[in-house]
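Everything in the sequence shown is counted per this note's numbering, starting at 1 for the first residue and increasing by one. Worksheet: the structure to be examined is printed underneath.
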Amino acid sequence: MKITTTALSLSIAFQVSKSNGCRLYAIFLYFSGKQYLRMYCKQKPDMIKIRIPDTLPVFKSYLLIIPLMCALACHDTSTQKTATKTPAESSIPDRIRPAEKAVEVPKAMPQPDTIRNMETTRMTEAAFQKATVSLRDSLLRVYGNIRADYRIFGYEQPDTNSRKLIFFSVFTTDVEKNPYQCPYGAYYATSDMPQTTIKYIGDAGNFIKANLIQAEKVETSLYIRKDWVEFEKQ
């Protein structure tokens, strides 16, 4: 079986190199080897019929040079690939995501003063009267005034949904028969309470805290909304 040396050299060159650049170099070696083979065969025509085993000593050095030069000149570009942007990609600016708006959590607000707007006891803000805290003895007082509007609850907790302990109102429907079932009663004024006083002791958020005192004994603590209370002016 006859195999041409040029085909063998080209096969070896392509086996050694896998990259496009190396293949071009192998083709160059192929044609240069082919030219060398033609020149050699013209000088020795009898070599054309010689079998491959006999020609190998002649071209041994040439065949060894081909893979050696390919190995030195070529590099596996697969390990040198770098992630580069295409011209189209590089022309597009990086998109900046808009900052997400922070969700605003509404602050806890005191519940609306719905007790001022009862159908049978509707009040006007201009005539609204507050409870007064004395700077001298810290006692809380509600003055009876038929020309004023006021409805003031004392709660068990600093929460208008908590139990109502005591009630002061200018409206007869609020006071007679204690319709709100306040355990310490319903009154037109603090002066109507027998042997009972209310003493301011501090603040509690949107409320003031006070002690209900009967016969010089603290019976309970209660809470009144701040917007229902004012401090006596000096």
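Built from N, CA and C at the ideal position, the CB exists for glycine as well. Just so we're clear, the structure is a prediction, and the values are computed from it rather than from any experiment.
Discussion item. Considering only the alpha carbon of each residue, which of R151, Y150, E156, L139 lies closest to A204?
Written reply: E156
Worksheet item: Which term fits T190, buried or exposed, when burial requires 16 or more other beta carbons within 10 angstroms of its beta carbon?
Response: buried
Worksheet item: Just checking my contact of K226 with N206 at CB under 8 Å: how many whole Å lie between their CB atoms?
Response: 6 Å
Discussion item. What does the Cβ neighbour count give for L165, buried or exposed, with the cut at 16 atoms within 10 Å?
Written reply: buried
Discussion item. Relative to the C-alpha of Y200, which candidate in E230, T160, S162 has its C-alpha closest?
Written reply: E230
Item to complete: Figure out for me which residue from M193, S162, T197 has the closest Cα to the Cα of Y180.
Response: S162
Worksheet item: By Cβ distance, which residues of its chain are closer than 7 Å to K233, with the 5 residues on each side in sequence left out?
Response: none
Practice prompt. Alpha carbon to alpha carbon, how far is D137 from R151? Give it in angstroms, no decimals.
Written response: 24 Å
Item to complete: Mind reading off the beta-carbon distance from Y187 to F171? Whole number of angstroms is fine, and I expect it under 8 Å.
Response: So it is not a contact: roughly 12 Å between Cβ atoms.
Worksheet item: With a CB to CB cut of under 6 Å and the five nearest residues on each side skipped, what residues in its chain are close to I198?
Response: L140, A210, L212
Worksheet entry | Collapsed DSSP secondary structure at V229 in the structure displayed | strand
Worksheet item: Got a sec? Which residues, its chain only, sit under 8 Å from A127 by beta carbon, not counting five neighbours each side?
Response: R147, A148, D149
Item to complete: Output the distance between the C-alpha atoms of Q214 and C182, rounded to the nearest integer angstrom.
Response: 16 Å
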